[in-house]
Structures are given as C-alpha cells and as structure tokens.
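Okay, so here's the structure we're looking at.
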Amino acid sequence: MKDRICELECNIDDMTAEELAFAAERLMEEGAKDVTLSPVQMKKGRPATLMTVMCSDCLEEKERFVHLIFKYTTTIGIRELISERYILERSEETINTVYGMVRCKKVSGYGVERSKFEYEDLARIAREQGISIAEARGLVTGSLSPGRREK
C-alpha cells in the first residue's frame, strides 16, 4: 500500500533539550504521525537539532502543524517535503487477559505479517507486577507463568 506524507522540517539551535522534548510531545498529542529530533551541525560549527514532523499531505493538516511548530519552538522557518511512502496495512485488536485489557497492533503486506503488544499496556502490567517489560510480554503471551521470572 502507498500513501503521501508531508514532512515539516526545521533547524533549532536555541532551545534546551527539555523544551524540545516538550514540543515533540505536544506535536504527537496533536496528532502528528511522527516527530523526530536529530542532532545536526549548523554554520560556524554550532550544534543544533533537526526537528522533523510527519503529518498528512492535506493542506489543512499541514497548515495546522506549521502553526503548532511555530507555537512550540523558536524556529523562524519550516521546510516542507512531500513524499510517497510504502506502508503495511495496520489493524489493532484488544485482548482480555488476567492482567487487564492489552492492545495488540498487527501489520501485514508485501509478504510479511507482524504483531506487537502496545507499549503502554505492557508498561502498566510491568509496573503493577513489579517486573520488566520483557517479563510482562511473556505473561501476556503465556510463555511465562505469573510466579516465574526469566533469568
């Protein structure tokens, strides 16, 4: 399957790591498909961060994210890149376990099929049981009994 995606990019050299993390978090909460922060070197050797925000190619959506990037960052310019991307078909199901509801994301296409439990659900179980994420995954899949811990 293919679709079109917009990548909005900007270089930022005057925000703290905490401020950048907050901006990325807010953009994800606003519905960005992804936000990445990459270290780059700007003119005169100054370290900076390249922020890339992925959103829909829809004009209204791009404009909304441009506004949000200007709102949450100190950038004075944003580049727009339109790309076609290959994507796998996605679905999600919720599984009722003895540890509560656990969401499972499934992807398929191009001859592959994968599934993965939702991180937040595994993290909740891990915190509640006092175990690692890997052990929580084992509990959910049934490969680890509740009283047994992996060594």
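In the numbering used here, the protein residues as written are 6 to 156. The beta-carbon is built from N, C-alpha and C at its ideal position, and this holds for glycine as well.
DSSP three-state call for residue i: helix, strand or coil?
i	result
T3	Only positions 6 to 156 of the chain appear in the structure, and residue 3 is not among them; the question remains open.
I17	strand
V71	helix
D126	helix
I138	helix
E66	helix
A37	coil
L132	A small correction: the amino acid at residue 132 is Arg; Leu does not occupy that position in the sequence shown. R132: helix per DSSP, three-state reduction.
G116	coil
R84	strand
R51	coil
E23	helix
Should residue i be labelled buried (16 or more other beta-carbon atoms within 10 Å of its own) or exposed?
i	result
C15	buried
T80	buried
I130	buried
C11	buried
D8	exposed
E85	exposed
V117	exposed
I74	buried
E68	exposed
A139	exposed
L32	buried
For a quick check, are the C-beta atoms of residue i and residue j less than 7 Å apart?
i	j	result
M20	D39	no
L157	V71	No statement about residue 157 is possible, as the shown extent of the chain runs from 6 to 156 and does not include it.
V107	D126	yes
I87	D62	yes
Taking residue i as the reference, which of the options has the closest Cα?
i	options	result
A26	E12, I10, K111 and S43	S43
L93	Y77, R84, K76 and G114	G114
I17	V107, Y77 and S88	Y77
T102	D62, V117, A141 and R51	A141
A53	K110, G105 and A22	A22
K121	G143, Y104 and L73	G143
E133	R119, K110 and G105	G105
E97	E24, M6, A29 and R119	R119
L13	M6, T41 and E30	T41
T99	V145, E24 and E35	V145
E2	Y124, G135, E66 and K49	An answer regarding residue 2 cannot be provided, because it is not within the stretch 6 to 156 covered by the chain.
Can we count residue i as close to the ligand GDP, meaning its CB is less than 6 Å from some heavy atom?
i	result
K67	By its list of ligands, the structure shown contains no ligand whatsoever, and the ligand GDP lies outside what it can speak to.
Which one or two residues does DSSP pair with residue i in a beta bridge?
i	result
D160	Any answer about residue 160 is impossible in this case: the structure gives the chain only from 6 up to 156.
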